[in-house]
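Q: First residue of the sequence shown? That's 6 in the numbering used here, and the numbers climb one at a time after it. Backbone N, C-alpha and C fix where the C-beta goes; we use that ideal spot for every residue, glycine too. Please read these numbers as outputs of a predicted model, since none were measured by experiment.
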Amino acid sequence: MKRARRPSHALPLSAIVLSTFFTAIPGLALAQDQEDDGSQTYQGTVNGQQVEVTLPDPEKQLPLEDLRKFTEVFARIKDAYVEEVDDQQLLESAIKGMLSDLDPHSTYLAPKDYEELEESTSGEFGGLGIEVGMENGFVKVIAPIDDTPAQKAGVQAGDLIIKLDEKPVKGMTLEEAVSLMRGKPGSILTLTIMREGESAPIEIDVERDIIKVTSVKSRMIENGYGYVRITQFQAETGNQFRQALESLEEENGNTLDGLIIDLRNNPGGVLQAAVETADALLDQGLIVYTEGRIQSSRLRFSATAGDFMPSTPVVVLINGGSASASEILAGALQDHGRAVIMGTQSFGKGSVQTVIPLDEAHAIKMTTARYYTPDGRSIQATGIKPDIEVRPAELTELDSQPFFTEADLSGHLEGQNENKDGETAKEKNGPSPAEQDYQLRSALNLLKGLHIFGSKDGNTAIEGQDISQ
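(1) Rank A308, P318, Q161 and E181 by C-alpha distance to the C-alpha of I147 and give the top, closest one.
(2) I'd like the list of long-range same chain contacts for I100, defined as Cβ closer than 7 Å, with 5 residues on each side in sequence excluded.
(3) Go ahead and label N3 buried or exposed: buried means 16 or more other beta carbons lie within 10 angstroms of its beta carbon, across all protein chains shown.
(4) Which stretch, first to last residue, makes up the beta strand (DSSP E) that contains Q358?
(5) Helix, strand or coil for K117, going by three-state DSSP, please let me know.
(6) Would you decide whether I457 is buried or exposed? Buried here means 16 or more other CB atoms lie within 10 Å of its CB.
(7) What is the rounded straight-line gap between the Cα of N257 and the Cα of N228?
(8) Let me check one thing: in DSSP terms, what residues is Q237 bridge-paired to?
(9) Mapping DSSP to helix, strand and coil, what is V1?
(10) Below 7 Å CB to CB, which residues in the same chain sit around G290 once its five sequence neighbours on both sides are set aside?
(11) DSSP on F143, reduced to helix/strand/coil?
(12) Which one of T372, A337, L107 and G454 has the shortest CA to CA distance from R382?
(13) With R247 as the anchor, note down where its alpha helix (DSSP H) starts and where it stops.
(14) Thinking C-alpha only, which one of S204, V211 and Q444 is nearest L185?
(15) Compare the Cα-Cα distances from Q349 to each of S447, I226, I361 and T260 and report the closest residue.
(16) Just verifying my parser: in three-state terms, what is the DSSP assignment at E212?
(17) In the DSSP assignment, find the beta strand (DSSP E) that holds A344 and state where it starts and stops.
(18) In chain order, which alpha helix (DSSP H) runs of at least 4 residues are fully inside the stretch 146-201?
(19) If you follow the alpha helix (DSSP H) that V78 is part of, which residue opens it and which one closes it?
(20) Tell me which residue opens and which closes the beta strand (DSSP E) that V321 is part of.
(21) Keeping to the same chain, check which residues put their C-beta closer than 7 Å to that of K189; ignore five residues upstream and five downstream.
(22) Taking all protein chains shown into account, decide if D442 is buried (16 or more other Cβ within 10 angstroms of its Cβ) or exposed.
(23) If distances are taken between C-alpha atoms only, which option among L107, A115, F352 and L69 comes closest to L96?
(24) What does a CB cutoff of less than 8 Å around D284 pick up in its chain, not counting 5 residues either side in sequence?
(25) Give the single residue among G191, P397 and M314 whose Cα lies nearest to the Cα of S252.
(26) Assign I193 to buried or exposed, taking buried as 16 or more other Cβ atoms, counted over all protein chains shown, within 10 Å of its Cβ.
(27) So the alpha helix (DSSP H) V280 belongs to, where does it begin and stop?
(28) Just to check my reading of the structure: D288 and G311 have Cβ atoms closer than 8 Å, yes? What is that Cβ distance to the nearest angstrom?
(29) Do you know whose CA, among I207, L268, L455 and R187, lies nearest L165's CA?
(30) Give the straight-line distance between the Cα atoms of K168 and M199, rounded to the nearest whole angstrom.
(31) Only counting the same chain, and skipping five residues up and downstream in sequence, which positions put a Cβ closer than 7 Å to that of H417?
(32) Check each candidate in E171, V395 and R303 and name the one with the smallest Cα separation from Y376.
(33) I'd like to check one pair, V221 with V233: are the Cβ atoms closer than 8 Å?
(34) With DSSP run on the structure shown, which of helix, strand or coil describes A366?
(35) From the DSSP output, read off the bridge partner residues of M225.
(36) In whole angstroms, what is the alpha-carbon distance linking E440 and R396?
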């Protein structure tokens with residue numbers, strides 16, 4: 006391939022710039038001084054008056070050779086690309102390339118992208134219902150959102166999407182892949198995924214739908230023990246969490262004996278929502294802080310006075326699909342000793358993205374800071390390590406020979422609390438959710454143990470008798 010050569014008489018761009026600058030000041034006599042910071046100061050006279058001109062250190066400025074290379078590539082594409090490309094498209098592509106090469110979360114937001122970002126934080130949008138990122142050129146599932154088509158179809162956290170229908174994902178930007186995932190409700194999209202532990206790709210058909218995310222769900226899983234599931238942090242999650250706690254206490258008729266907060270496969274969301282949720286369980290102290298290069302990216306969030314459940318032990322469930330705002334909440338409660346963190350290590354998305362408007366219709370989403378827990382731990386790429394590691398498992402009860410008990414003997418002395426109809430509560434109500442979920446069952450057993458241990462301290466009365474002695 007023959008390479009075009011520049012004319013030998015062409016001036017370097019730096020010479021052109023300097024020439025243009027100085028010819029604008031006629032009669033300037035120069036004397037050069039070198040500053041400590043590498044900048045160059047020129048002193049002289051203009052029309053009999055002393056003037057001073059300081060040029061910045063060239064090493065700290067845009068490299069002129071690279072700028073020349075950019076303009077040359079721009080011109081070559083304009084002249085020789087197989088199809089005609091307009092200037093605006095080329096410049097937008099250059100902007101996208103600059104941002105996407107920084108990290109997987111920085112991106113350029115065209116008008117449609119900006120609208121979709123606002124939709125996802127408001128709680129209703131169209132698509133499959135998965136939070137995704139990029140890894141090695143493929144789309145990685147951070148977490149499927151509860152009660153969405155993707156979750157119901159069997160998509161799991163950690164899956165690598167390699168094809169969308171018949172289109173390979175390799176080479177796509179994240180925005181292009183997300184655009185293909187969105188579509189008309191009712192239409193089918195076939196995901197080809199690679200999954201750890203599987204020797205071959207798996208195809209999963211997912212029916213697109215309008216995604217309406219319920220941020221907070223709650224219920225009593227056993228007498229005295231409440232369960233709150235946070236699927237995603239949205240603008241109203243903090244208020245919804247407080248309402249859920251009030252509702253659980255009202256249903257229980259008293260203070261809860263224990264609370265489980267389920268953050269598994271929660272991909273994050275709004276930072277302020279995570280702060281408000283942590284604040285509901287903390288009475289004071291730092292919740293999270295951020296550190297970045299610019300002043301506006303250095304933030305600190307602290308708890309306000311008042312813990313909704315000061316005497317209730319808390320267990321937080323996390324896994325590899327718990328990211329961002331989920332990790333902020335788990336890290337804050339862990340550092341303050343307010344909750345026991347149980348499950349598996351979280352995703353490790355500990356960076357802050359700021360949406361910076363460029364004009365009324367365009368913006369950039371750029372990583373501007375890192376998150377740190379109250380104790381100064383960085384979440385980025387390390388995640389939150391659980392206090393008690395509990396991996397998912399399937400539970401099966403072992404068959405055993407039935408045992409005869411006193412109640413089986415004919416003519417036995419009747420017990421005061423004997424169940425005369427012979428039907429146990431389990432047989433009447435069916436298995437509890439904890440019996441079908443090993444991690445949830447482990448959390449419930451831990452809370453029961455804490456409650457039993459707590460009931461034996463010197464400040465607790467049982468059956469009306471003080472046992473402090």
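A: Inspection of the coordinates gives the following:
(1) Q161
(2) Y113
(3) Nothing in the structure corresponds to residue 3, since the chain is present only between 6 and 474.
(4) S356 to P362
(5) helix
(6) exposed
(7) 7 Å
(8) Answer is none; Q237 lacks a bridge partner.
(9) There is no way to answer for residue 1, as the model of the chain reaches only from 6 to 474.
(10) S307, A308, H341 and P379
(11) strand
(12) A337
(13) T242 to N257
(14) V211
(15) Gln is not the amino acid found at residue 349; the sequence shown has Thr there. Checked all of S447, I226, I361 and T260; the closest Cα to T349 is S447.
(16) strand
(17) Per DSSP, A344 belongs to no beta strand (DSSP E) and is neither H nor E.
(18) 154-158 and 179-186
(19) L69 to A85
(20) V319 to I323
(21) R213
(22) buried
(23) A115
(24) G243, I292, A308 and T309
(25) M314
(26) exposed
(27) L276 to D284
(28) 7 Å
(29) I207
(30) 10 Å
(31) E411
(32) R303
(33) yes
(34) coil
(35) G231
(36) 15 Å
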